[in-house]
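Asks: First residue of the sequence shown? That's 1391 in my numbering, and the numbers climb one at a time after it.
Sharing a structure, written as structure tokens. Questions coming.
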Amino acid sequence: MELRMFHFIDKSLAHLRDLEEDLENVCKEIEVYFEETLEGENGGFLNVNSRVKSPKSLKEKIIRNNYYKKYESSEELFENLSDLIGIRIECRFIEDENNIYEKIKKNFHEKDENGYYYNKINENIKLELTGEQPQQQRNGFEIFRIDGFYEYGERKFNFELQIKSLVNIFWGEIEHKVIYKNNNYMLEDSFFRNIMGSIKKNLSMIDNQLLLIYKQVNQLNTIDPNIRKSQLETMMAKIIYDIFSTKMRNYMGLVVDFRRSCDVIMKYIFRTNNAENLEDYNQTLLKTLSRLNEIGKNEMDFTKKIEFERHICIEDEFCGIIGDVMLNSINDDFQWNLFFKMIFEIELGNNAEDFENFIAYFKGRFYNNKSFAKLHFLFEEDQVENIANSIMKELANCFVEIDSISFIYEENIENINGVIDNVIKIIFANVNSFEEWEKSKDIYLDFFRFKVFSVFDYKVGVENVKGFIERVKNSSGRIQVSEGILKYIDKLELLSEITAKDALQLIKLSNINENSLIK
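Here's what the structure looks like:
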């Protein structure tokens, strides 16, 4: 005698064949309804897919869930099978899933006596919308899954409505075909559970990256290439932060703010890849995005010291001073350590070479200031180089004094370049020859140093300020001590430090409105 299970399966498959035509008609009608409802929707809607449960799938479900024990007949099974028909609304991104769900709730605004919702356009389609969405699945992940039914004459056919983004569709295929329907793998196995969790996290990260790109492209409605480049850099910096902050949270249980470091890294990557036009930018963007996706899959040790393959080779004086500070801080200061770890992870290759490249890039951000070229109108080539190198060395000394990663932040680089512009204007207004520069350069370089310090609200020693004032008073040039300074000098005696900005108020320069130069 045949086992009851096989008898029940045979009856159920026969019943499915009898209903096949009706089920296909109902399935198509539901699909068309949701397509027409969501068509033209700008909330990320892509497509509607539908299917009637196949004989093979029905057989597997009966066995897996012991339905042959639970139900007396195939008719009773079909009355309770929630996914006899499956409707899947596909959308671009994870955040679009909720937008489409809200759209459906607004559309199904009528309520019948049993608590199901419908729209008068097609009163046969009913949805159960009182449950919480998205639903928590057994695996811990969320899904928008809505139960519904279609009234087809005297019959009632159940259907399951799902709303899925592209990455969740992909995830569903992995889970359903690799794990759920493969008895060689056990969902209870922690190894497979952890692997699947890791895959889901990476897919969610990819979804977020694609969403950022999509939003950014939609906002690129300007014809100014420079603005487009800036927007691309901002977008990529956000992706870098998202990836590494996630890794930091998983590894350390906390996240420090390093967003401005990410801004610096993106500008460095684009400029060192010689991305001069939009096509170059796009290539660099794709290459970097590909690398970031690889990084997202790898483990990262935030406690490990950075090591170099060889000795760092820097001959330039500015780069030597800057490089020494960075090397001394790279394994002592967490922000510096994290900054270069991110660069070395993204720019695969030789750490020593990447470090040298960044130092050279950092120097170029100041040395390529167009104001230095203006000095050629007043001085000879070697004299221009002498003045520029003096200013750059003073800037390097400021870097040593400030001793903070904030020195490389983009807004501070821009402000320092503004200081260079202003100081060169002052030199033009007050210096007529290289000999005059040589006599008074200490004053101009002190002034430059105070201006740089003021960018960081840095305090300077009163003795340094008094020495600066004394040099200005004894100078034969056109820099003068501000009126009323003698009254203030008595107050200086009571202080050990004052802000650089306050120190700058103590002098005035002829032919220059200094108030416009102090930021």
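Beta carbons are placed, not taken as given, at the ideal position from N, Cα and C, and that holds for glycine.
Values in this document were obtained by computation on a predicted structure and should not be read as measured data.
Express the C-alpha separation of residue 1496 and residue 1428 in angstroms, rounding to a whole number.
Replies: Those two C-alpha atoms are separated by around 12 Å.
Asks: Compute the Euclidean distance between the alpha carbons of residue 1697 and residue 1479, then round it to the nearest angstrom.
Replies: In a straight line, the C-alpha of residue 1697 is about 51 Å away from that of residue 1479.
Asks: Between which two residues does the beta strand (DSSP E) harbouring residue 1546 extend?
Replies: Here the beta strand (DSSP E) through residue 1546 covers 1545-1555.
Asks: Look at residue 1484 and residue 1632 and say whether their C-beta atoms are less than 7 Å apart.
Replies: No.
Asks: Evaluate residue 1502 with the Cβ neighbour count: other Cβ atoms within 10 Å of its Cβ, from every protein chain shown; 16 or more gives buried, anything less gives exposed.
Replies: Residue 1502 is exposed by the Cβ-count criterion.
Asks: Using 8 Å for Cβ pairs, my map puts residue 1476 next to residue 1411. What's the rounded Cβ distance?
Replies: Residue 1476 to residue 1411, Cβ: 18 Å. No contact.
Asks: How is residue 1542 classed by DSSP in three states: helix, strand or coil?
Replies: In this structure, residue 1542 counts as strand in the three-state DSSP scheme.
Asks: Just to confirm my understanding: we take residue 1821, look at its own chain, exclude 5 residues before and 5 after, and list those with CB closer than 6 Å. What are they?
Replies: 1827, listed in sequence order.
Asks: Determine the direct distance from the alpha carbon of residue 1769 to that of residue 1626, and round the result to whole angstroms.
Replies: The alpha-carbon atoms of residue 1626 and residue 1769 are separated by roughly 42 Å.
Asks: Taking a contact to mean a Cβ-Cβ separation below 7 Å, would you say residue 1406 touches residue 1448 in this structure?
Replies: Result yes, Cβ atoms of residue 1406 and residue 1448 sit closer than 7 Å.
Asks: When the Cα atoms are used, what is the spatial distance from residue 1509 to residue 1424?
Replies: Near 11 Å, if we compare the C-alpha coordinates of residue 1424 and residue 1509.
Asks: Within the stretch 1806-1847, note down every full beta strand (DSSP E) run reaching 3 residues or more, in order along the chain.
Replies: Runs found: none.
Asks: Please report the residue range of the beta strand (DSSP E) in which residue 1703 lies.
Replies: Element bounds for residue 1703: n/a, residue is neither H nor E.
Asks: Exposed or buried, what is residue 1554 when buried is set at 16 or more other beta-carbons lying within 10 Å of its beta-carbon?
Replies: Answer is buried; the Cβ neighbour count reaches 16.
Asks: DSSP three-state label for residue 1421, please.
Replies: The answer is helix: DSSP assigns residue 1421 an H, G or I state.
Asks: Which value, in whole angstroms, describes the spacing of the CA atoms of residue 1516 and residue 1641?
Replies: Residue 1516 and residue 1641: Cα-Cα distance of roughly 47 Å.
Asks: For residue 1836, which residues in the same chain have their Cβ closer than 6 Å to its Cβ, ignoring the five residues on either side in sequence?
Replies: Closer than 6 Å at the Cβ level, and outside the excluded window around residue 1836, lie 1858.
Asks: Give me the residue from 1473, 1777, 1397 with the minimum Cα distance to residue 1451.
Replies: Among 1473, 1777, 1397, the Cα nearest to that of residue 1451 belongs to 1473.
Asks: By Cβ distance, which residues of its chain are closer than 8 Å to residue 1757, with the 5 residues on each side in sequence left out?
Replies: Taken in chain order, the residues that qualify are 1708, 1778, 1782.
Asks: In terms of residues, what are the limits of the beta strand (DSSP E) holding residue 1508?
Replies: Here the beta strand (DSSP E) through residue 1508 covers 1507-1509.
Asks: If you compare alpha carbons, which of 1840, 1710, 1887, 1426 is closest to residue 1493?
Replies: Measuring from the Cα of residue 1493, the nearest candidate turns out to be 1426.
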